[in-house]
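Read left to right, the sequence shown gives residues 5 to 560 (the working numbering).
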Amino acid sequence: MFVKNLKFLLILFLLYQNPLHSKSASFEDFDSRNLSKYFSGIVAFENKNNSKALNFFNTSKILLNKHEPYLKRYVYSLVLENKVNQAINIVKQNKNKSEFFEKYLLLTIDSIRREDFSKALDYISKSKKYIKLNRFNSAILDNLRDYIFVFKEKRLPNDIKNYGNLSIISTTFLRCYLGDAKTKTFFSKLVGNDDADLTRYTFFYLAYLIENNQIEEAKKITDNIKFINTSLLLSQGKSWIEKGNERKMNSIFSCKNHNDLISEFLFLISNLHSSQDDFINSNFYSYLSNYLNPKFHYNLSLVAENLYSNEEFDRVKKILQKFEKEDDFYYWYRLKKEAQIISKESSTKDSLKFIKSNFEKIEKPNEKILFDIANFYKNAKEYEQAIKYYTIVLGIVSDDLEVKSDLFYRRGASNERMGNYKEADRDMLSSLEIDPDDAYVLNYLAYSWLERDYKIKEAMEMLEKAYSLTENDPYIIDSIGWAYYLTKDYVKAETYLKRAVELMPDDAIVNDHYGDILWMLGRKIQARYFWKSVFKMEDVDEELLQKINSKIIKGL
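Structure representation (structure tokens):
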């Protein structure tokens with residue numbers, strides 16, 4: 005009876021499709037087992053368990069040529085398992101001529117890889133009618149069309165649409181592909197763009213210079229790049245150049261290679277999706293990118309980050325194996341990510357033990373690695389060791405004021421946690437000497453003073469300034485609310501803390517503070533409600549839980 009009812013429900017579900025998009029004609033040939041597996045695949049896919057979804061889809065292939073939504077989900081799942089070639093073959097062999105955007109995208113990529121640019125342009129044209137009002141997909145197609153036109157005609161098109169930085173990046177790469185005399189100028193403008201963070205493209209500028217034997221000019225650029233505050237990819241490029249291994253850059257990317265260019269474009273699309281926390285589409289485009297240029301496996305670090313956000317740790321570990329010792333920065337990235345996974349799966353203590361053991365094997369750690377190990381110690385509350393390494397880094401980066409300001413702040417916070425208030429205040433004030441408008445340093449120092457009942461007037465002034473600089477930051481709102489609490493202005497305090505709770509409903513300290521204020525305003529039932537809510541939150545400090553439990557029983 006259960007199987008019969010399940011089959012009926014699944015048939016209703018499958019039939020509830022827009023007839024313009026569904027190719028299902030009949031379900032007479034589908035048994036309940038296939039339908040059940042397909043439905044289970046959909047559930048797994050929606051729950052972001054793609055491996056499980058693909059297993060279900062693989063066992064219900066009878067639907068492949070009879071139900072369009074199945075085909076689309078199946079193809080998506082294949083790509084998300086890095087089986088792009090299989091996904092392309094599936095859409096090529098599909099008998100019912102299902103139509104959807106991703107199908108034509110795959111066929112376009114396949115044609116580019118085979119250098120059949122006429123066919124690729126034909127697929128671009130056909131796919132236009134399936135993007136409807138999706139401006140993002142329209143931008144993808146328009147830019148792909150421009151790339152393919154250049155590959156085919158060996159000249160820039162006359163009708164390039166303007167998609168802002170996306171178009172600037174594409175135009176720069178296309179000029180590079182054509183060997184245009186203005187390529188260098190375009191790269192210089194691209195990496196010097198103050199309106200957006202386009203530092204990633206410094207790597208490709210360096211690759212262009214090296215490919216054109218302008219190695220000394222490339223070295224001049226990397227001399228001004230600091231490991232401690234630049235991207236992972238650019239740090240690795242700088243490291244290769246400094247070690248005389250600059251040709252490694254050309255071995256993984258060349259703007260003369262059409263596959264490499266489209267791969268980088270797809271990675272850019274993946275990055276845009278990831279920035280919106282759309283990890284499924286981000287991984288989809290990342291794997292398409294990797295399919296066209298598997299040499300550039302460093303880009304899979306983005307997939308690793310996306311999977312880590314989804315807590316798919318086994319898949320993260322598999323990707324991390326691609327980053328080996330000879331590529332020092334990506335290998336260090338791998339070790340850090342493995343340490344973070346250990347912290348999630350085991351404990352902070354085991355995580356620190358792992359990273360410490362591997363750190364000690366590095367003969368000459370650079371300032372970035374020293375900075376990272378200091379942060380690991382700080383996060384593990386081993387403040388003495390954190391202070392030690394922050395101090396070492398401060399001695400290395402003495403000419404970089406922005407980095408110095410951040411290091412003073414971090415070392416100051418570590419000293420404050422240890423109760424070394426004199427040293428903490430000195431570091432925080434040193435940070436503010438460099439950047440007097442750093443809202444977070446102002447907030448930290450002022451909060452510390454208020455907690456110590458020290459320089460209350462100056463602390464309030466600093467908090468007011470921090471609040472004026474970043475009015476919507478919940479941590480600063482919490483601090484200024486707590487400052488009013490400590491000065492017994494509970495009405496004003498409640499106004500700020502209420503807003504902080506609205507912005508950060510799952511923050512234990514904010515809820516604890518709000519409970520205290522409500523108690524002092526005589527709203528004791530509400531106060532206990534917010535105190536109790538802390539016990540439902542994750543990763544709450546045990547000492548805080550004990551204090552709150554005492555308040556729930558005894559009040560303030």
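Where a beta carbon is used, it is the ideal one built from N, C-alpha and C, also for glycine.
- Under the rule that a run must span 4 or more residues, the alpha helix (DSSP H) segments found entirely inside the stretch 428-506 read 443-455, 460-473, 478-490.
- When the five nearest sequence neighbours on each side are left out, the beta carbons in the same chain lying within less than 7 Å of the beta carbon of residue 337 are those of 236, 305, 327, in order along the chain.
- With respect to residue 290, residue 271 sits close: the two C-beta atoms are nearer than 9 Å.
- Taking a C-beta distance under 9 Å as the contact criterion, residue 501 and residue 489 qualify as a contact pair.
- Residue nearest to residue 190 within the set 204, 209, 201, 203 is 209 (criterion: CA-CA distance).
- Taken in chain order, the unbroken stretches of alpha helix (DSSP H) that lie wholly in the stretch 308-352 and span 4 residues or more are 317-324, 332-349.
- When Cβ pairs closer than 8 Å are counted between the two stretches, the stretch 437-447 is seen to touch the stretch 467-474, the count reaching three or more.
- Around the beta-carbon of residue 149, 16 or more other beta-carbon atoms lie within 10 Å, marking it buried.
- Annotation: the continuous alpha helix (DSSP H) that includes residue 277 extends over 262-279.
- Here residue 420 is buried. Its C-beta has 16 or more other C-beta atoms within 10 Å.
- If you compare the alpha carbons of 122, 244, 494, 482 with that of residue 157, the shortest gap goes to 122.
- In the DSSP assignment, residue 527 falls outside any alpha helix (DSSP H) and carries neither an H nor an E.
- Boundaries cannot be given for residue 541, as no alpha helix (DSSP H) includes it and DSSP labels it neither H nor E.
- Shown here for residue 180: same chain residues with a beta carbon closer than 7 Å to its own, the five before and five after excluded, namely 187, 212, 259 in chain order.
- Looking at 79, 478, 454, the one whose alpha-carbon comes closest to that of residue 492 is 454.
- The C-beta distance from residue 418 to residue 439 rounds to 19 Å, too long to meet the 8 Å contact threshold.
- Residue 495 is not a Cβ neighbour of residue 516, given a cutoff of 9 Å.
- A Cβ-Cβ separation of about 7 Å places residue 178 in contact with residue 151 under the 8 Å criterion.
- Spanning the alpha carbons of residue 349 and residue 342 requires a straight line of approximately 10 Å.
- The residue among 168, 364, 153, 169 with its C-alpha nearest the C-alpha of residue 162 is 153.
- Note on the stretch 126-205: whole alpha helix (DSSP H) runs with a minimum of 4 residues are 139-157, 169-182, 187-195, in chain order.
- The DSSP-derived three-state label of residue 234 is coil.
- Counting only the Cα atoms, residue 262 lies some 15 Å from residue 173.
- Around the beta carbon of residue 340, a 10 Å sphere encloses 16 or more other beta carbons of the protein chains shown; the residue is thus reported as buried.
- In the DSSP assignment, residue 373 falls within the unbroken alpha helix (DSSP H) covering 371-383.
- Between the alpha carbons of residue 324 and residue 303 lies a distance of about 11 Å.
- With a cutoff of 9 Å on beta-carbon distance, residue 293 and residue 274 are scored as near each other.
- Collapsing the DSSP output to three states places residue 511 in coil.
- Excluding the 5 residues flanking it on each side, residue 144 has same chain C-beta neighbours closer than 7 Å at 273, in chain order.
- Taking a C-beta distance under 9 Å as the contact criterion, residue 105 and residue 128 do not qualify as a contact pair.
- In the DSSP annotation of this structure, the continuous segment of the alpha helix (DSSP H) that includes residue 397 starts and ends at 387-400.
- Cβ atoms of residue 111 and residue 95 come within 8 Å of each other, at about 6 Å.
- Where residue 285 is concerned, the enclosing alpha helix (DSSP H) starts and stops at 283-296.
- The C-beta distance from residue 535 to residue 556 rounds to 5 Å, short enough to meet the 8 Å contact threshold.
- Under the three-state reduction of DSSP, residue 84 is assigned to helix.
- Within the same chain, Cβ atoms closer than 6 Å to the Cβ of residue 463 are found at 450, 453, 454, the five residues on either side in sequence being excluded.
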